[in-house]
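Here's the structure we're looking at; comments come further down.
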DNA sequence: AGGATGACCCGAT
DNA sequence: AATCGGGCCATCC
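Numbering (my numbering), first residue to last: 64 to 173.
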């Protein structure tokens with residue numbers, strides 16, 4: 064048997080799987096998502112991966128924010144993400160989300 | 001094979 | 001609070 068490395072399963076696949084678990088009305092940071100995907104410190108990779116998502120994906124790409132709880136998307140994506148978040152009850156106050164409130168997972172939630 | 005790239009992150013100013 | 005610099009990691013060319 065070979066010891067599994069972080070590159071064994073496609074990073075993309077692992078990120079997809081992790082993202083699929085983020086519940087509605089909650090959000091994750093790129094960094095956190097990377098960890099959950101078993102790719103610690105690969106926050107940037109998560110970003111470029113989401114960038115390539117097919118626009119018809121069913122994955123909750125909009126529930127991903129940067130470590131400051133802000134949207135890291137250039138227009139026009141920015142607005143789309145903001146609207147989607149608001150649609151599921153995630154409020155942006157002064158352009159940012161309170162991660163201690165909507166952040167996922169919270170202690171003991173996994 | 002080696003260097004550039006990016007929906008990032010964090011500590012220090 | 002706003003900037004800056006250096007670090008990070010799988011991909012792409």
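Cβ atoms here follow ideal geometry from the backbone N, Cα and C, with glycine treated the same way.
- Beyond the five residues adjoining it in sequence on each side, residue 93 comes within less than 7 Å, by CB distance, of 106, 109, 110, 127 and 129 in the same chain, given in chain order.
- For residue 146, the enclosing alpha helix (DSSP H) begins and ends at 140-150.
- Using a 10 angstroms sphere on the CB of residue 100, the tally of other CB atoms reaches 16 or more, which defines it as buried.
- In this model, residue 150 and residue 89 are separated by some 12 Å (Cα to Cα).
- Our two residues, residue 118 and residue 77, have alpha carbons roughly 19 Å apart in a direct line.
- Taking all protein chains shown into account, residue 134 has 16 or more neighbouring C-beta atoms within 10 Å of its C-beta and is therefore buried.
- Around residue 75, the same chain offers 112 as residues with beta carbons nearer than 7 Å, after the five sequence neighbours per side are excluded.
- Counting of Cβ neighbours within 10 angstroms places residue 84 among the exposed residues, the total staying below 16.
- In the DSSP assignment, residue 122 falls outside any alpha helix (DSSP H) and carries neither an H nor an E.
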